[in-house]
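> Sending over a structure as structure tokens; questions will come in a sec.
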DNA sequence: GTAGTGATCTTCT
DNA sequence: GAAGATCACTACG
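Residue numbers (my numbering): 32 to 211.
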């Protein structure tokens with residue numbers, strides 16, 4: 032398991048290359064984004080609401096939110112009000128289950144390449160928000176070696192869009208979008 | 001290959 | 001009323 036109580040940028044970097052397993056399905060994390068407490072792009076920026084309550088839970092909490100009314104996106108909460116969005120996954124475990132939920136072939140490059148796709152592939156719902164990465168339903172396994180990372184601006188936001196808080200596994204296929 | 005748009009819900013102005 | 005941490009489908013070059 033990983034230490035969650037640390038600077039959110041450190042946590043976002045540490046999660047790239049780690050293994051994420053949710054109820055027996057998952058794989059290696061290829062891409063993450065950091066959202067800080069004092070960050071205009073973060074859901075926590077305007078304070079706690081019913082929707083983002085899990086983001087203010089203890090380090091290691093699962094935060095799932097509904098994006099654009101139809102996509103469930105997965106976050107790892109660090110210090111209260113800070114979280115890391117998981118943007119891309121290389122499927123390695125429970126691939127059949129993920130392919131079934133996605134309605135595509137097991138070797139499709141689109142199985143979990145994007146935050147909404149991960150949500151669908153892992154079968155996430157709002158009921159998962161507030162659970163913990165404690166090794167039961169949600170598990171995180173640190174990488175054996177520190178991988179090479181690439182860095183870039185976050186995707187799909189308008190505020191604080193220049194902060195280079197997106198991290199990817201260098202040279203990996205299956206990123207949600209290429210790094211410049 | 002790029003460009004446009006619909007789906008669908010929460011929050012903010 | 002509009003925008004948002006998105007994706008998939010369609011139309012068109």
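No residue lacks a Cβ here, since even glycine has one placed at the ideal position from N, Cα and C.
#1: Look up residue 102 in the DSSP assignment and give the residues it is bridged to.
#2: Under the DSSP definition of a beta bridge, which residues are partnered with residue 75?
#3: Do you know how far the Cα of residue 197 is from the Cα of residue 82?
#4: So, for residue 95: in the same chain, excluding its five sequence neighbours on each side, which residues have a beta-carbon less than 8 angstroms away from its beta-carbon?
#5: If you reduce the DSSP assignment to three classes, tell me which class residue 133 lands in.
#6: By alpha-carbon positions, which one of 209, 133, 187 ends up nearest to residue 99?
#7: Here's the rule: buried if 16 or more other CB atoms are within 10 angstroms of the residue's CB, otherwise exposed. What is residue 206?
#8: Would you mind stating whether residue 143 and residue 122 have Cβ atoms separated by less than 8 angstroms?
#9: Which residue from 43, 35, 39, 36 puts its Cα closest to that of residue 180?
#10: Expressed to the nearest angstrom, what Euclidean distance is found between the alpha-carbon atoms of residue 191 and residue 54?
#11: Quick check: what's the CA-CA separation for residue 75 versus residue 177?
#12: On a Cα-Cα basis, can you pick out the residue from 184, 141, 211 that is closest to residue 193?
#13: Start and end of the beta strand (DSSP E) containing residue 33?
#14: Check residue 202 in the structure and name its three-state DSSP category.
#15: In terms of DSSP beta bridges, what is residue 56 paired with?
#16: Would you check whether the ligand ADP has a heavy atom nearer than 7 angstroms to the C-beta of residue 76?
#17: Assign residue 209 to one of two classes, buried (16 or more other C-beta atoms within 10 Å of its C-beta) or exposed (fewer than that).
#18: When you compare only the Cα positions, how much space is there between residue 48 and residue 56?
With the given structure in hand:
#1: 98
#2: Per DSSP, none; premise fails for residue 75.
#3: If I take the Cα positions, the gap works out to 23 angstroms.
#4: These residues qualify, in order along the chain: 85, 103, 104, 105, 106, 150, 155, 156, 157, 159, 160.
#5: helix
#6: Taking the Cα of residue 99 as reference, the smallest distance to any Cα among 209, 133, 187 is reached at 187.
#7: buried
#8: Yes, the pair counts as a contact, with Cβ atoms nearer than the cut-off.
#9: 43
#10: 35 angstroms
#11: 30 angstroms
#12: 184
#13: Per DSSP, residue 33 belongs to no beta strand (DSSP E) and is neither H nor E.
#14: coil
#15: 53
#16: Looking at this structure, you won't find the ligand ADP or any other ligand, since it has none at all.
#17: exposed
#18: 16 angstroms
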